[in-house]
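Structure, as structure tokens:
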Amino acid sequence: VYDVLADREAQRLDLAQLEELAQRLGDPRRQAEIALCQTLYAYSIGEYHTAVAHAQSAIELAATVHDVEQEAKGYLQWGRTLLKLSDYTESQSKLERALALTEADQLHQIKADSLRALGVASYYLGDYRNATATYERALTIYWEIGDRQGEGHALSNLGLAFREQGQYAGARRYFDQALQLYQEIGDRDGEADVLVDLGLLCRDQGDHAASRTYYEQALAICRQTEARSSEAFALLGIGDVYKDQDAFDSAATYYEGALLIARVIGDRRQEHLALKELANIALNLGDYATARAQYEEALACFRTIGDRQSESSTLNRLGLLCYQASDAEAARTYSQAALSIAQEIGDRWLESSSLTKLGHALAALGQTAAATEGYQKAVSLWREQGRPDLALESVAGLARIALDRADLATAKTYAEELVAEFDDTTFPNHGMAEEFLTCYRVLRALQDARADEVLGTIYNQVQASAARIGNEQMQRSFLENVPAHQAIINEWHATR
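Sequential numbering of the sequence shown, starting at 3, is according to the numbering used here.
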């Protein structure tokens, strides 16, 4: 009841009274039960190390009276809490122990919960196919035993697994089902979590207005229910929306808020996700030294905790950073590593992005045939995922290769694709400065009358993007330290 209504203070007071009563009675079975309740309470407010201690206590107490059900619950809660502490391998060990205990005593509820948690561990380790299969097993049991809250959790988890594999329609279907279910049963924590998931999905699909609405709805619920971990995720999401709209100062404020919460509750994965996003801002501002240091710190953590998806994503960003900083060899190394992991874990979004970044590095190294192949694969993958806007980065890469070869006919074909998207593209999201600078240069080489119009438009958009940054120092860095922005400004002044 407390978990659904999120009445944390009443829960804390009642648990304190029950613990005192159980100690007086000297009943290990009752003490184990209360220790499990304390585990859930500590977990719900983000005190994960305290939750682990209570789970261990529950297991020890249950073992003394041979209570298999309580012991299995203890291992389940221990495993779930280790997920929050980013110790995925050890989490799997505890959850497998819980699952084994449920098989012996036909404990269907605990079995379903253990399977779902094992799915989460697989998800964080980048094994999305195994995660999906495990979630589906859990969902079947939840249906059979009539656990609607568990059903909602499994549906939400399936939505996330589908999203990571680029199956957005399926992800949306699962999220919508989960949201409706949570609202029907009055589960505020579950509702907030799936609202965060919907915000993430909408951002993936380029709908920033809807994304921010979902995140803000989730944030309001999380603050009401004191769900600190979910609050941090909502803050990260809102920061992402601001970052996409060039409001880097506002984005940094939200990321720093998420970073603070993550450090307070000991959530290492969230801490380094926030750190990675702060590095993304530094990259967007051309502060490569700061960005690289933050990326490297985050990368070390992701490797330590076994978070393959975040490892690949961070390597991808390091590849882009090194390319922009004219270190093509390092860019190739990072991008190839990112691509290998993305393909291994089946993350099509990261695979597409890493192919593009690898193409940039290979082109800079003069390996144009390999770069062309990478760009073409990326274009196909982006379009298969319904994101032709993200394919433009690779299209521009193909145009640059053709232009460097003086193959103006081929360059024109690619430039026309960029022109076709020009009016409908929010600039400079996803690195569009370099894309449309390429478009201008091709049109100029062709002596196309549209060249001056394109240059004037992208110059004005760079200035408008800078104006959306509320911090003067960030504005100056955005205009002066990002190579593509400086090139646009120089080209514009040269034509006056």
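Ideal Cβ positions, reconstructed from N, Cα and C, are used throughout, including at glycine.
My understanding is that residue i touches residue j, with C-beta atoms under 8 angstroms, so please give their C-beta distance in whole angstroms.
| i | j | result |
| --- | --- | --- |
| residue 157 | residue 183 | 7 angstroms |
| residue 247 | residue 478 | The pair is not a contact, with the Cβ atoms about 19 angstroms apart (cut-off 8 angstroms). |
| residue 180 | residue 152 | No, residue 180 and residue 152 are not in contact; Cβ-Cβ is about 11 angstroms, not under 8 angstroms. |
| residue 136 | residue 190 | In fact, because the Cβ distance is near 26 angstroms, the residues do not count as touching under 8 angstroms. |
| residue 398 | residue 435 | Incorrect: roughly 10 angstroms between the Cβ atoms, too far for contact. |
| residue 281 | residue 319 | 7 angstroms |
| residue 314 | residue 343 | 4 angstroms |
| residue 178 | residue 205 | No, residue 178 and residue 205 are not in contact; Cβ-Cβ is about 17 angstroms, not under 8 angstroms. |
| residue 140 | residue 121 | 7 angstroms |
So what's residue i in DSSP terms, helix, strand or just coil?
| i | result |
| --- | --- |
| residue 127 | coil |
| residue 92 | helix |
| residue 198 | helix |
| residue 491 | helix |
| residue 112 | helix |
| residue 227 | helix |
| residue 68 | coil |
| residue 49 | coil |
| residue 328 | coil |
| residue 249 | coil |
| residue 159 | helix |
| residue 76 | helix |
| residue 456 | helix |
| residue 484 | coil |
| residue 190 | helix |
| residue 497 | coil |
| residue 471 | coil |
| residue 135 | helix |
| residue 185 | helix |
| residue 107 | helix |
| residue 117 | helix |
| residue 178 | helix |
| residue 149 | coil |
| residue 439 | helix |
| residue 140 | helix |
| residue 450 | coil |
| residue 29 | coil |
| residue 87 | coil |
| residue 242 | helix |
| residue 167 | coil |
| residue 206 | helix |
| residue 268 | coil |
Within 10 angstroms of the Cβ of residue i, are there 16 or more other Cβ atoms? Answer buried if so, exposed if not.
| i | result |
| --- | --- |
| residue 328 | exposed |
| residue 440 | buried |
| residue 134 | buried |
| residue 296 | buried |
| residue 409 | exposed |
| residue 56 | buried |
| residue 89 | buried |
| residue 51 | exposed |
| residue 272 | buried |
| residue 362 | buried |
| residue 8 | For residue 8, the pLDDT reaches just 46, beneath the cut-off of 50, and the residue's location in the model is therefore unreliable, leaving the point undetermined. |
| residue 311 | buried |
| residue 168 | buried |
| residue 54 | buried |
| residue 482 | exposed |
| residue 386 | exposed |
| residue 475 | exposed |
| residue 316 | buried |
| residue 68 | exposed |
| residue 426 | With a pLDDT of 46 at residue 426, under the threshold of 50, the modelled position of that residue is not reliable, and no figure is offered here. |
| residue 437 | buried |
| residue 230 | buried |
| residue 33 | buried |
With a threshold of 7 angstroms between beta-carbons, can residue i be considered close to chain D, or not?
| i | result |
| --- | --- |
| residue 67 | Among the protein chains of the structure shown there is no chain D, as only one such chain exists. |
Would you say the beta carbon of residue i comes nearer than 6 angstroms to a heavy atom of the ligand SAH?
| i | result |
| --- | --- |
| residue 343 | Although the ligand SAH was asked about, the structure shown includes no ligands whatsoever. |
At least three beta-carbon pairs within less than 8 angstroms, the segment 286-304 to the segment 101-112: no
Cβ contact (3+ pairs, closer than 8 angstroms) linking the segment 31-49 and the segment 245-262: no
Inter-stretch contact at 8 angstroms, needing at least 3 Cβ pairs: the segment 391-404 / the segment 343-358: yes
Validate contact between the segment 178-197 and the segment 368-381 using beta carbons, cut 8 angstroms, 3 pairs: no
Complete runs of the alpha helix (DSSP H) confined to the segment 270-319 [at least 4 residues]: 270-286 and 290-307
At least three beta-carbon pairs within less than 8 angstroms, the segment 445-465 to the segment 483-494: yes
Start-end ranges of the alpha helix (DSSP H) lying completely within the segment 324-408, minimum 4 residues: 330-347, 350-366, 370-386 and 390-406
contact_flag[the segment 396-416, the segment 213-227] where n(CB pairs < 8 angstroms) is 3 or more: no
The segment 297-305 / the segment 67-87 touching (three or more Cβ pairs under 8 angstroms): no
Stretch-stretch touch, CB-based, cutoff 8 angstroms, three pairs: the segment 447-456 with the segment 232-239: no
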